[in-house]
Each structure stands twice: as structure tokens, then as C-alpha cells.
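In my numbering, the protein residues as written are 57 to 268.
Using N, Cα and C, we set each Cβ at its ideal position, and we do this for glycine too.
Since the model is a prediction, treat every value here as computed from it, not as a measurement.
Please read the structure below before turning to the comments.
Set out below in C-alpha cells:
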């Protein structure tokens, strides 16, 4: 049976903060992540059409691809915009501290690898950043060690961890992020601010660098 959906061309796909987080918050591949990854790794904005949709979803079945696109729209993981959002192609290392600082209400955040070494920070002194990055590596390993308990037994489908105050507000949060074979940990001091386009831009530039 043919789908009743139709593709509205001349719109550019825009990934929302929720969609960006979902795309890199797990390493298990699935069709939804494949579509989001296809959009994230674009160097030049491309309007939605049948050819682009087939490329992003890695399928030649048009109905399957269109239904997947519609599902992600319903989940508010992406939407279409008339003008493309262009991510500046400037030096990533110089931009990262500013980008990271926007993700916290205290201006403190850093990126570490899964070995506990940081390579970009905002708001943390060097000595503190080294210790926090080492802690991030331990948290990531702890999360993986107890993944079956967390997901299967407790039915918690998140892998982020946080140190909270008595009211439940985050004092420091750890977000494992996966870019292909590369695993990074985003550490945010204070209350995370991941619900804006600054987070989407960070994920885009990191995916282009590490997502293959």
C-alpha cells in the first residue's frame, strides 16, 4: 500500500536539541540515528528531496524513508526550515571553549575522551579540568559496567549521570556522546543548558570531525 505522506521539498532539515542528543547519546545503530547522522555530517546544507532522503536513510525504499522522516518530525527531533542554518567552518579548537561555556548556567563545561583526558574546557582551571576529566572517564566506565541493570532491570533508557544537590538540581553532569567509533564525555558544571541551538551546533561540529 502506498504511503499517504508527501515530501515537501525546498525545505532544509533542522535538527532540534532533542534530536541532536538522541543521535549521539547511544552507540547502538538504528534507522532513526542513521537519518540524523546523515544530516549532521553534511558539510553543505542540502534541501530535502528524494535523493537526499535516500542518502540520509541509506535506503532506496522511498516509503520507508519518508515514514522515518515523518516519525522523527512527530518526535520533534527535526523540522524543516526555509533557509539553511550554516555552521561556520572555523578552527574547532579555538571555538570549543566558547561553545562549551554556553552549555552551563555557570559557564563551566569540558569535553573529555573515554580515557579521562580533556581536550577542551570552559570555566575550569587546568588542574581542576584534569581531575574532572579523570572522573568523567570513571563515570563512563561505571555506566557501561552496569548498563544491563540500568536499562533492562530498572528500565532507564539514559546513560547520563549527575551529582545533585538536595533539591535535585545538578551540580555536575556527565553525558557520554558517541561519534562513530569515538566516545566523548561532555561534563557540565551547574545546571546543563542543552535545550538550545548552541548544543546542536556543538554536536554538528563534533560529528563532522569525529563521526567519519
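- Across the structure, residue 248 and residue 255 are spaced so that their CA atoms are roughly 10 Å apart.
- For residue 177, the enclosing beta strand (DSSP E) begins and ends at 174-178.
- Apart from the 5 residues on each side of it in sequence, residue 251 sits with its Cβ closer than 6 Å to the Cβ of 73 in its chain, given in chain order.
- Between the C-alpha atoms of residue 244 and residue 229 there is a straight-line separation of about 5 Å.
- A direct Cα-Cα distance of roughly 6 Å separates residue 226 from residue 246.
- Residue environment analysis places residue 126 among the exposed positions, since fewer than 16 neighbouring C-beta atoms fall within 10 angstroms of its C-beta.
- Under a 10 Å Cβ-count criterion, residue 89 is classified as buried, with 16 or more other Cβ atoms of the shown protein chains found around its own Cβ.
- The DSSP-derived three-state label of residue 232 is strand.
- Contact fails between the segment 174-183 and the segment 197-210, because fewer than three Cβ pairs, one in each stretch, are under 8 Å apart.
- In the DSSP annotation of this structure, residue 237 is not part of any beta strand (DSSP E), being labelled neither H nor E.
- Inclusion of residue 63 and residue 106 in the CB contact set at 8 Å is warranted, their separation being smaller than that value.
- Its chain contains 193 as the residues whose beta carbon lies nearer than 8 Å to that of residue 171, once the 5 sequence neighbours on both sides are disregarded; these appear in chain order.
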